[in-house]
Each structure stands twice: as C-alpha cells, then as structure tokens.
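Take a look at the structure set out below.
Chains as they are written, first to last, in my numbering: chain A, 1 to 257; chain B, 258 to 516.
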C-alpha cells in the first residue's frame, strides 16, 4: 500500500546542506499498523511530510497504492502533532470534520451522516457544536482524528500526535487509535519518539538512525492483537521488545557521535 | 445595579460631563462664533428637520456606505492577491507606499475632472482614502496565516474557492476588521470633505452653508450631529465585529484562562 524506495532528502539553505534523510527504504502492507521511531532530530517529520506529498524528496520514490506521490495523494490523510493549530478555530467541531468532505463534493445529508459517525467513533458525539478552543488538548486531537477518519483514507499518517498531551490522555488516545485501526481497516503509519508507545501500538516498528537517517531495523511486534494498557505493558514479551528497541535507538544515537 | 445599567452609566458618564462643562462654560457667551450650547441644542431640532435628514443627511450616509463597501471589496480583493504571493508583494510595495502617501482630499480636483461633481466623484474620494488601511491589514492578515492550517488544507486537498472562503479570509479576518475600523473613521472624514467642494446637498455641504451664511449655532449643531453619527456607526461596527470574530475573542479568552 505504501512503498518507500531509496528516499533521500537534503535541505539546502544559506550555503549549507543538511541531509535529513540519507536512504530510507521500507514498505507498509494494506491494513498494517506500523510505527516509526528514532532519536529526536532524526527526520521523522521530514519522512512523514515526504509520504504525505507535502515535501518533494531530493531523490528516491514514494508510492501510495501503486501511484507515485507528487503532491498530497488520493486517499491519504495526516494527523499533525500540533492539534491546536491544525483545527480551524473559526469552525465548530462538526464543520471542521465536514470541511474536507465539502471539498470532495459530498451532499449535505451524506456529510452529516459521516461526520456524526466519525465523531461517535472518537467519543465526541456531544461536542459537534463546540469550537475547538473550548475543548481540552486530548479532545482536540480526537477531533483531528475524526476529521481524518471522515475523509475515509486508505492510508492514515500520524505525526507524533500525542506528544503534547498528558500521560493519562495519551493512554486513552493510544487505545482509541488501536480500536479505530481495527474497526476501519485503514493502513496506518504512526511516527513517534516514544519507544513504549511504538511497541504498544504497532504490528511492526521501523527504527531509524539519527541524521543522516537510514532504517536500522524493521522489527515485527509479535504481541497479541488485543492490547491493554495494564496487561500488555506488563507482558514479558513487551518488556523484551521495548528493551530491544531502546538498545537499538541508543546505538543509533551513539554511532554518529 | 444590573450590568447593562452599569455599562450604560459608564458609557454616558464622560460625554455627559463634557457636555455639562461645555454648557456652563459657554452659557451667556456673547462671542458670535461660539454660541452657548443651550442655543445650539435649541436650534438642533428645527435645523435637522425631516426634510434635511432625507435631502442632506441620507445622501451623505448612502455615499459613505457605498464608498465603504467598495473600499472593502477592492481592499480585501487586492490584499488577498498581494498577501498570497511574495512576487506580487515585491512589485506592489513601492506603488502602494506611493499611493498611500497621497492625501485623498488632494485628489478631489482630479476626481472632479474625471468623474464630474456628482455622487461618483464623492464615492471615489471615499474609496480612495478608505481602501489603504484595508489593503495593508489584509495583506498582513493573509501573510500571517498559520502554516499548519495551510498544510492541513493542502493535505486534505481543499478546493481553491473553499480554501479562500474557509481559510484565507477567515484567518485574516481579525486584521481585516482592524483595517475596516480605521477605514470607517477615514470614510466619515472624507464624506464631509468631498461635500465641501462642488456639492449641492449633503451634510458637509450643509455645514459649510451655515458657516458661509453666518448661522453659527446651526453650524455647531451640524458638528454635533456628525459626532453622533460617528458614535452610532462605531456601535454598529462593533455589533458586526462581534458577529464576525466570535471565534477570535473566544479563543483569546480561552488562552488567557488556561495561562
């Protein structure tokens, strides 16, 4: 569903070249839940922006469902880290979710039905009439997720979506993303710097090195599909896997120092 | 005291005090140019009769409304175009600075030449003054749009028209409103000035008629009326602003609370 081949991205400016991504190759099968982790500053966001068609790569290729990405591709939605700035403050919650549907040309009744369904899926059916700034951070990020779901994408990219919410809200949102993934059967790529989060959420974890970035390891997470904040995190296999990812990230950091 | 009453009391406190000072300071004034306030208020109702309101005041206000609306349309349109493109901005900047520096009253003779002495000329004068604060503030507003929201529009592939309506204009609306507020006060000034040369009716014309006819209490009553119009228009403006910027004031209040 998502193919990344020899992706390289160099930022140029002020006579200086910064190679954010050196050579990234991996793929994500349809319906898979993949997390990308790496040390901070390793170009995770750059990678995601290249996948989302928001940033042209220097070389290499990205395809979504077989089609090369040259701009924001069909059937792909992004949930940004800055929830407070990705929702339109002048639109109410339901209008925020409906806007991309309006642009798609869907009729009013159809829009209302999808919006209602998506808001219900994230547990915010009651907040349809509120403005985003009347909601807590966690609720705002739920709205952003509902908007992405309403768009009915085949691929959903999330860029450190829970980096700015408190720990308890974060646990709730992690479970929400898992349940939404299972329910909607969407292909999901989740970028995070949090190792525990990546192991808890994903079926596969892609570990990146620090800049200039390459893929260090592509690790299958063989935990049961039904996950629970208490039992999964206490599972010896979970602890083993997170220890392994932790060691890899540490090694990746050191190798460039 | 209810809060509405208290607000009304605060609103009127200073104007009433100033009027009282004016009243007593001017009482018994024998200066021909500075008649007592009592005299001015006495002639007010007869001066601003129904006939004058429909034949002089209404045309002035209609010209102001048309000019202000025209300036909004042109100003926001130009501001969006200039603000959206760096290249256009670089080319437009020197011209904007030049045009903005010309005082609109200086254009009156030119407008008389090209547009005659009737309504068109006066509306053009009003537009030529009102348009600048709107253009400049719109440019700033459009430039200041949040890049994350811009990327959100891109990644959801929001269509051009919807993007303009739901993103560009809305996110610039606080600055547009600021520009419009400045434009409104400039518009009132130009409404009067455009009628002081080459006019046969209007509020400015009437005040000038009183002045040249040595009817000073009537002239002063016209100035009072202008002030009152200014107050009413700014109240109307605030009502409109509160409707357009509900989200902006709400968001700012929410940010203050959480800090």
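For every residue, glycine included, the Cβ atom is placed at its ideal position computed from N, Cα and C.
- About 20 Å separates the CB atoms of residue 191/A and residue 166/A; that is not less than 8 Å, and the two are not in contact.
- At least one CB of chain A lies nearer than 8 Å to the CB of residue 416/B.
- Going by DSSP, residue 78/A is part of no alpha helix (DSSP H) but of the beta strand (DSSP E) stretching over 76-79.
- In the three-state reduction of the DSSP assignment, residue 88/A falls in the coil class.
- Each of 362/B, 372/B, 307/B, 505/B was checked against the Cα of residue 88/A, and the nearest Cα belongs to 505/B.
- In the assembly as shown, residue 313/B is a buried residue. Its beta-carbon has 16 or more other beta-carbons within 10 Å.
- For residue 204/A, there is no enclosing alpha helix (DSSP H); the residue is found in the beta strand (DSSP E) stretching over 204-208.
- Among the CB atoms of chain B, one or more fall inside 8 Å of the CB of residue 90/A.
- If only complete runs of 4 or more residues are kept, the stretch 22-56 of chain A shows the alpha helix (DSSP H) at 44-51, in order along the chain.
- A straight-line Cα-Cα distance of about 21 Å links residue 61/A and residue 31/A.
- Shown here, residue 229/A sits in coil according to DSSP, grouped into three states, outside any helix or strand.
- Pairing residue 42/A with residue 198/A gives a Cβ-Cβ distance that is not under 8 Å.
- Residues 178, 200 of the same chain have their beta carbon placed closer than 7 Å to that of residue 227/A, with the five preceding and five following residues left out of the count.
- Chain-ordered, the chain B residues with CB closer than 9 Å to the CB of residue 78/A read 408, 409, 412, 413.
- Remark: fewer than three beta-carbon pairs, one from each stretch, lie closer than 8 Å, so the stretch 395-402 of chain B and the stretch 414-423 of chain B are not flagged as touching.
- The beta-carbon distance between residue 383/B and residue 320/B, rounded to whole angstroms, is 7 Å. This is short enough to meet the 8 Å contact definition.
- Rounded to whole angstroms, the gap between the alpha carbons of residue 467/B and residue 282/B is 23 Å.
- Going by C-alpha positions, residue 454/B is about 8 Å away from residue 462/B.
- In the three-state reduction of the DSSP assignment, residue 333/B falls in the helix class, which pools H, G and I.
- Where residue 409/B is concerned, the enclosing alpha helix (DSSP H) starts and stops at 404-412.
- Closest option to residue 431/B, judged by alpha-carbon separation, among 291/B, 402/B, 298/B: 402/B.
- The criterion of a C-beta distance shorter than 8 Å is satisfied by residue 390/B and residue 436/B.
- The count of Cβ pairs closer than 8 Å, one atom from the stretch 370-386 of chain B and one from the stretch 321-340 of chain B, reaches three, so the stretches are in contact.
- For residue 403/B, the nearest beta carbon of chain A is closer than 8 Å to its own beta carbon.
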